[in-house]
Amino acid sequence: MPELPEVEVVRRGLERWIAQRTVADAEVLHPRAVRRHIAGADDFVHRLKGHRIGTPSRRGKYLWLPLTDTSQSVLAHLGMSGQLLVQPHAAPDEKHLRIRVRFADTLGTELRFVDQRTFGGLSLHDNTPDGLPEVIAHIARDPLDPLFDDEAFHQALRRRRTTVKRALLDQSLISGVGNIYADEALWRARIHYERPTANLTRPVTAQLLGHVRDVMNAALAVGGTSFDSLYVNVNGESGYFDRSLDAYGREDLPCRRCATPIRRRPWMNRSSYFCPRCQRAPRVSS
DNA sequence: AAGCTCTCCTGATGGC
DNA sequence: TGCCATCAGGAGAGCT
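Residue numbers (numbering that gives the first Met the number 0): 0 to 285.
Here it is, written out as structure tokens:
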């Protein structure tokens, strides 16, 4: 499941293999993959043709390809199972190939958006003056962004009447964190997922942010997390970070700090993994 | 109005 | 063997 580290790995792959290439043609094989492009698939293809792609950017889990001769960008979100693959023309179509982009050069490769569950997609949008696609202006900076404001984040947590994991997953507060890295960072910080944010102290917020950054940087260093081969990087290679997870997916396995079995709890139509000893529940729990 | 729940989708898996 | 339920979950619409 692509979160910030996995999306960054894809961005780097696109920077190497796709940047500065000019689009010759595109093909939308599944309309749902461009559903965020309101004007539809034909308009998406028409407006892409003939334009050159600049340096790919990323904020949180969103990445975008600026079109150098316009003020627009191709915005991509991988959803749960999306992949951006650079493949030789001759490679057989993937079962869940949704969009194909061909280029006006002789490199012999094309860009493919492959997505089994179709939660992800591509779309074209005008940029804001600072080069961000306008539809993601509400997405907060991510914790690896040098301009992320730690103090403002702490104050926002204090103002909220919610719990810490909900806040970590709220992309308007901090972006790029999904279910996996939220559980990992909370385990490292020894914080229970239902702890209220309103009474977090500045040192606790600082430690939590530090662990979010540490776990994301560790995942980036080995190319991201992959559980079920649904996620692969731009060349089709899986990351290895799943071997290093401490909480997520480890139900009944011993906590690597205290050997207490990790527990899984249903939470918001998904799961939370935590150590019941290291991460004590708040006194007043919902 | 902030906070929370629901919904979209496909395929693997498990119980009976 | 086949059928149905469950699970995976990002993010925005919609509700309270």
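Positions of the beta carbon are idealized from the N, C-alpha and C atoms, including for glycine.
*Mind checking which residues open and close the beta strand (DSSP E) that includes Ile98?*
Segment Leu96 to Phe102, the beta strand (DSSP E) holding Ile98.
*asked:* To the nearest angstrom, how far is the alpha carbon of Asp149 from that of Arg10?
replied: If you take the alpha carbons of Asp149 and Arg10, they lie about 25 Å apart.
_Integer-rounded CB distance, given that Arg31 should sit under 8 Å from Thr117_ = Right, their Cβ atoms sit about 5 Å apart.
*Put Asp141 into one of helix, strand or coil per three-state DSSP.*
If DSSP states are grouped into helix, strand and coil, Asp141 belongs with coil.
*asked:* Check for me: the beta strand (DSSP E) holding Asp169 runs from which residue to which?
replied: DSSP places Asp169 outside any beta strand (DSSP E), giving it a letter other than H or E.
*Where does Ser228 fall in DSSP's three states?*
No answer about Ser228 holds up, because its pLDDT of 44 lies below 50 and its placement is not dependable.
*Are the CB atoms of Thr362 and Thr200 nearer to each other than 8 Å?*
Nothing can be reported for residue 362, as the shown portion of the chain is limited to 0 through 285.
*asked:* Quick check on Asp104: buried or exposed, where buried means 16 or more other Cβ atoms within 10 Å of its Cβ?
replied: By the 10 Å Cβ count, Asp104 comes out exposed.
*Roughly how far, in whole angstroms, is the beta-carbon of Asp213 from the beta-carbon of Arg249, given that I think they are within contact range, below 8 Å?*
Not confirmed; about 18 Å, so no contact.
*Where does Glu14 sit, in a helix, a strand or coil, going by DSSP?*
Helix at Glu14.
*What is the rounded straight-line gap between the Cα of Cys277 and the Cα of Pro260?*
When rounded, the distance between both Cα atoms is 11 Å.
*Alpha carbon to alpha carbon, what distance is there between Val44 and Val221?*
The straight-line gap from Cα to Cα measures roughly 35 Å.
*Cα separation between Ala38 and Pro4?*
One C-alpha to the other measures close to 31 Å.
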